[in-house]
Each structure stands twice: as C-alpha cells, then as structure tokens.
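In the working numbering, the protein residues as written are 3 to 222.
Here you go:
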C-alpha cells in the first residue's frame, strides 16, 4: 500500500542529504561549482514556485519540489551520467519510503532528464526542475579561490553578481546582472546556450515563454 511522501519527508531523509553532501564534496575535488544542499533547496523552491505560479495541480508542485531536491544525488557516484544514476538512486529511496509507483515514475523521469546533454522535457515536474536548475547562476557557486586559474565555467558564474527568476503571467524570465570585465557575454553563451534552449522548451511544455535578460538587454 502506497503512502503520500511529502517534500518535508524528503528534505529530512538522512540518506538523501548524505548523497547530496557527498556528491557536492566529490564535485569540489573535480573543480565544479557548488551543487550542495543550498543548490538542492533553491532548485526545489524555484521549481515549486514556478508551478504554483501557473496554478498547477498541488501534487505536481510537490513532486517537482521532491525532484528538485533530489536531482543531483547521482553525483555521489559519478558526474558522468549523474542524472540517470540519480534517478535510480531516487527510485530505491522512494520505494523504501512507500511512495506510489506512478509518482515514483514521474520523479525519476524528471531527475533522469534534467541534464541538457541528453535530457528531454517529458512531464510537468521535469519542466519545472529544468527551469529551476538552469537558472541557478551566481558568483557564490564558485569554489575556486584562485581567480588566475578560473576556467570558463568559473569566470561566467563569478561574473554574475545578481540573478533572479521573475514570473509574470505566462512569462518566466531569468534576469542577470553580470560584470563584463570578468567574463564577456560570448563566454556565457558558449557554455550556457544549450541550457537556455532547454529552458525555452521546458517553458513551452508548461504553456509559458522563457526570456533571458542580461544587464537590461533581452536575448531570448
């Protein structure tokens, strides 16, 4: 018999939290930006906020929050294929917690499809997760303290001084204020254009439009 697993249940689950923390630790060794509990909580909150704004079914909102919090647990195993690994880890955790199988399928599909290299927008929680995840761009995510050794990902994230996701009607807008002396815009688009294209597809799935504004200029 299935039970209703809530976002609060997931957030308090020690196994989930351990995988997030260890995954973030492993990515730190590899030189990646922060992917820890802060990122998990923010993605979860933003995913829920987006779906609440468009008045999605409340349970879909909660499933998106769950997927958002768990989406990077696969990094505890490997960065490569972390989305698919995370989906399999999530399946085991959610089954043990007694979640309905249909809901498990929705959550793991969202997690398994959040990476822009292979992912597809296949359900409502996935669309919200993609938008929330790809919009977390900010200088505080950079862990490399040696500016002289920044790679392009460090430079682009470090250049973003302010970041916000604005919701108005059916419009979802990522607005950035970036220091062009740290990183020119061409660098941003070199590494983030596939993510922005995925965001546009995710917004369309929700019958919304995605926009990107950088330093007051609209690019999408």
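Where a beta carbon is used, it is the ideal one built from N, C-alpha and C, also for glycine.
May I have the straight-line CA-CA distance separating residue i from residue j, to the nearest angstrom?
i           : j           : result
residue 209 : residue 50  : 16 angstroms
residue 102 : residue 136 : 28 angstroms
residue 57  : residue 169 : 12 angstroms
residue 138 : residue 148 : 22 angstroms
residue 77  : residue 174 : 28 angstroms
residue 117 : residue 198 : 12 angstroms
residue 107 : residue 183 : 45 angstroms
Give the secondary structure of residue i by DSSP, where H, G and I count as helix, E and B as strand, and everything else as coil.
i           : result
residue 217 : coil
residue 157 : helix
residue 72  : helix
Within the continuous beta strand (DSSP E) that includes residue i, where are the two ends?
i           : result
residue 174 : 173 to 180
residue 93  : From DSSP, residue 93 is part of no beta strand (DSSP E) but of the alpha helix (DSSP H) over 84 to 99.
On the CB-based measure, 16 or more other CB atoms within 10 Å of its CB, does residue i come out buried or exposed?
i           : result
residue 115 : buried
residue 98  : exposed
residue 7   : buried
residue 127 : buried
residue 150 : exposed
residue 20  : exposed
residue 156 : buried
Hey, could you find the ends of the alpha helix (DSSP H) residue i is sitting in?
i          : result
residue 40 : 39 to 55
residue 26 : 16 to 32
Using 8 angstroms as the Cβ pair cut-off and three pairs as the minimum, do the stretch 62 to 76 and the stretch 35 to 48 touch? yes
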